[in-house]
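I have placed the structure first, in the form of structure tokens, so that the comments after it can refer back to it.
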Amino acid sequence: YLKQQEMRESNARSYPRRIPIAIEEAEGIYVKDADGKRYIDCLAGAGTLALGHNHPVVTEAIEKVLHDKRPLHTLDLTTPVKEEFVSEVFNSLPEKLAERAKIQFCGPTGGDAIEAAIKLVKTATGRRSILSFHGGYHGATHGTMALSGNLSPKEKVQGLMPDVHFMPYPYEYRCPFGVGGEETHKLSSRYIENLLDDPESGILPPAAIILEVVQGEGGSIPAPVEWLKEIRRITNERDIPLIIDEVQTGIGRTGKLFAFEHAGIVPDVVVLSKAIGGSLPLSVVIYDQALDQWAPGAHIGTFRGNQMAMAAGTATLRYIKENKLAEKAGVLGEKLIASLKELQEEYPEIGDVRGRGLMVGAEIVDPSEPFSRKGACKADPGLASRIQRECFIRGLILEVGGRHGSVVRFLPPLIITEAQLDEVINIFTEAVKEAVK
Ligand code: PMP
Numbered sequence: 013y014l015k016q017q018e019m020r021e022s023n024a025r026s027y028p029r030r031i032p033i034a035i036e037e038a039e040g041i042y043v044k045d046a047d048g049k050r051y052i053d054c055l056a057g058a059g060t061l062a063l064g065h066n067h068p069v070v071t072e073a074i075e076k077v078l079h080d081k082r083p084l085h086t087l088d089l090t091t092p093v094k095e096e097f098v099s100e101v102f103n104s105l106p107e108k109l110a111e112r113a114k115i116q117f118c119g120p121t122g123g124d125a126i127e128a129a130i131k132l133v134k135t136a137t138g139r140r141s142i143l144s145f146h147g148g149y150h151g152a153t154h155g156t157m158a159l160s161g162n163l164s165p166k167e168k169v170q171g172l173m174p175d176v177h178f179m180p181y182p183y184e185y186r187c188p189f190g191v192g193g194e195e196t197h198k199l200s201s202r203y204i205e206n207l208l209d210d211p212e213s214g215i216l217p218p219a220a221i222i223l224e225v226v227q228g229e230g231g232s233i234p235a236p237v238e239w240l241k242e243i244r245r246i247t248n249e250r251d252i253p254l255i256i257d258e259v260q261t262g263i264g265r266t267g268k269l270f271a272f273e274h275a276g277i278v279p280d281v282v283v284l285s286k287a288i289g290g291s292l293p294l295s296v297v298i299y300d301q302a303l304d305q306w307a308p309g310a311h312i313g314t315f316r317g318n319q320m321a322m323a324a325g326t327a328t329l330r331y332i333k334e335n336k337l338a339e340k341a342g343v344l345g346e347k348l349i350a351s352l353k354e355l356q357e358e359y360p361e362i363g364d365v366r367g368r369g370l371m372v373g374a375e376i377v378d379p380s381e382p383f384s385r386k387g388a389c390k391a392d393p394g395l396a397s398r399i400q401r402e403c404f405i406r407g408l409i410l411e412v413g414g415r416h417g418s419v420v421r422f423l424p425p426l427i428i429t430e431a432q433l434d435e436v437i438n439i440f441t442e443a444v445k446e447a448v449k
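Just so we're on the same page, the UniProt record's numbering is the position in the sequence shown counted from 1, plus 12.
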């Protein structure tokens with residue numbers, strides 16, 4: 013039936029093109045196809061499946077909603093399931109944020125919550141422009157696409173949200189200033205500060221700066237802690253709300269419950285989706301109460317706060333905290349990065365290895381084509397695809413992303429064990445050997 017799907021489904025479908033598989037069963041880190049072949053799922057719903065597939069605490073929480081005859085749909089009315097979810101989320105936030113926080117339930121996608129966050133800050137500040145970053149990804153609606161730094165999906169769609177200005181992200185390997193290393197983030201923050209203070213820069217005081225602490229779709233690029241602190245200082249000093257998009261990084265993936273905690277900063281707005289719904293669709297915006305200046309009904313939508321997703325999300329958050337999965341993600345992530353760096357010594361086709369926690373990327377390059385910038389070589393999306401294919405043949409599902417489509421991305425469920433991670437590394441090593449031949 014894969015063929016039938018190909019014929020009937022839209023030309024815009026994406027994942028099935030690279031991962032030609034019909035998944036019939038799934039458990040933990042594994043999925044099984046129609047022929048009974050087992051794959052390790054290191055895509056995990058693009059980072060959604062923190063506890064893997066069908067984790068017992070998640071399925072039990074969903075069954076309990078049904079068993080207790082809880083309402084399945086209530087728009088945004090209050091229910092015990094919702095009350096429990098909100099308490100769990102507030103108990104998970106750093107104290108400084110929790111004591112001033114408000115929560116807004118949004119449509120079921122991350123993109124809708126980003127839209128809400130933008131409306132929130134525009135209303136509160138009365139300003140119109142937003143500063144975003146090259147390589148950032150925030151969704152596929154007109155507004156969120158406008159905020160995303162990836163050009164190709166935008167080329168064919170005219171009339172996106174105006175007044176978005178793109179700033180250089182501290183991407184050390186392909187340093188936007190041509191220097192690399194520590195200087196990258198220093199120059200980035202200095203550039204932004206100068207631009208904001210220069211009345212001739214054409215940048216009006218923005219309604220917000222929006223960023224990912226680790227760019228996900230942009231190629232698993234972590235922002236240095238010092239840079240994040242600088243951006244927080246710059247925005248604080250100028251009264252500019254800072255929106256942190258934690259759609260992919262949130263709920264333990266990077267080694268902390270929230271990625272901004274690595275820098276010890278407190279954002280004004282945090283956007284959560286993916287893992288927060290425990291594998292079901294859910295998204296929320298959490299923000300400083302000072303920004304709560306929008307009118308009742310300012311962000312509406314029929315499906316806001318699906319009850320089963322909230323129950324699954326509460327169970328997921330609890331399990332992650334009780335089992336210290338964030339800390340474990342940090343330790344396993346370091347191991348994965350170290351193993352990939354070892355492999356890089358043997359294979360110069362692996363141009364860069366980076367990440368934070370279990371959000372890791374290996375940038376695939378053509379080593380015979382040095383790029384003008386320090387040490388970096390030309391991106392090789394073809395080889396990245398071949399590696400992805402060789403992994404797939406060997407029973408490992410990985411995604412390829414990044415600005416040039418040349419970053420192999422590791423996003424396993426946080427429940428992955430060390431032995432399972434070794435298996436991932438072994439398969440990847442074999443795949444690289446075969447693909448570079
Ligand atoms: N922000 C980030 C950081 C994301 O990774 C994504 C999804 N990959 C989104 C926003 C958009 O979420 P959704 O696809 O649910 O709209």
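Idealized CB from N, CA, C, for every residue including glycine.
Asked	Found
M371 burial status per 10 Å Cβ neighbour count (16 or more: buried)	buried
Pocket of ligand 1 (residues with CB nearer than 6 angstroms to any heavy atom), chain order	A58, T121, G122, G123, I126, Y149, H150, G151, E224, G228, E229, D257, V259, Q260, S285
Selected residue, minimal CA-CA separation from Y42, among E258, Y51, A388	Y51
Residues near G414 in its chain [Cβ-Cβ closer than 6 angstroms; skip 5 each side]	G231
Residue from V412, L408, L423 with nearest C-alpha to A443	L408
Inter-residue spacing [alpha-carbon to alpha-carbon] between L87 and K340	36 angstroms
Buried or exposed by the 16-neighbour rule on C-beta atoms within 10 Å, applied to residue 8	In the structure as shown, the chain begins at 13 and stops at 449. Residue 8 is therefore absent and cannot be evaluated.
Ordered list of beta strand (DSSP E) runs contained in the region 337-410, each at least 3 residues	362-367, 372-382, 389-391
Range of the contiguous alpha helix (DSSP H) that encloses K108	107-110
Nearest-angstrom Cβ-Cβ length linking T60 and K353, presumed shorter than 8 angstroms	With 8 angstroms as the limit, T60 and K353 do not qualify as a contact, their Cβ atoms being about 28 angstroms apart.
Of the residues P393, Q17, I126, the one placed nearest I221, counting alpha carbons only	I126
Test item: CB-CB of P253 and V133 under 7 angstroms	yes
Whole-angstrom distance between A235 and D300, CA atom to CA atom	23 angstroms
Spatially closest choice to G317 from Q305, H65, G192, L284, by CA coordinates	L284
Cβ-based burial, H65 [other Cβ within 10 Å; buried from 16]	buried
Nearest candidate by alpha-carbon position, reference Q116, set Y359, P217, W306	W306
Pairwise C-alpha distance: E238 and F270	17 angstroms
Three-state secondary structure (DSSP) of D47	coil
Residues that DSSP places opposite E37 in a beta bridge	K44
Cβ pair count under 8 angstroms reaching 3, the region 83-97 against the region 259-270	no
Assigned secondary structure, H311 (DSSP; H/G/I helix, E/B strand, else coil)	coil
Status (buried if at least 16 other CB within 10 Å, exposed otherwise) for D304	exposed
When E375, E381, G387, L426 are compared against V412, the one with the closest alpha-carbon	E375
Own chain, CB closer than 6 angstroms to V282, minus 5 neighbours either side, in chain order	I256, E258, I298
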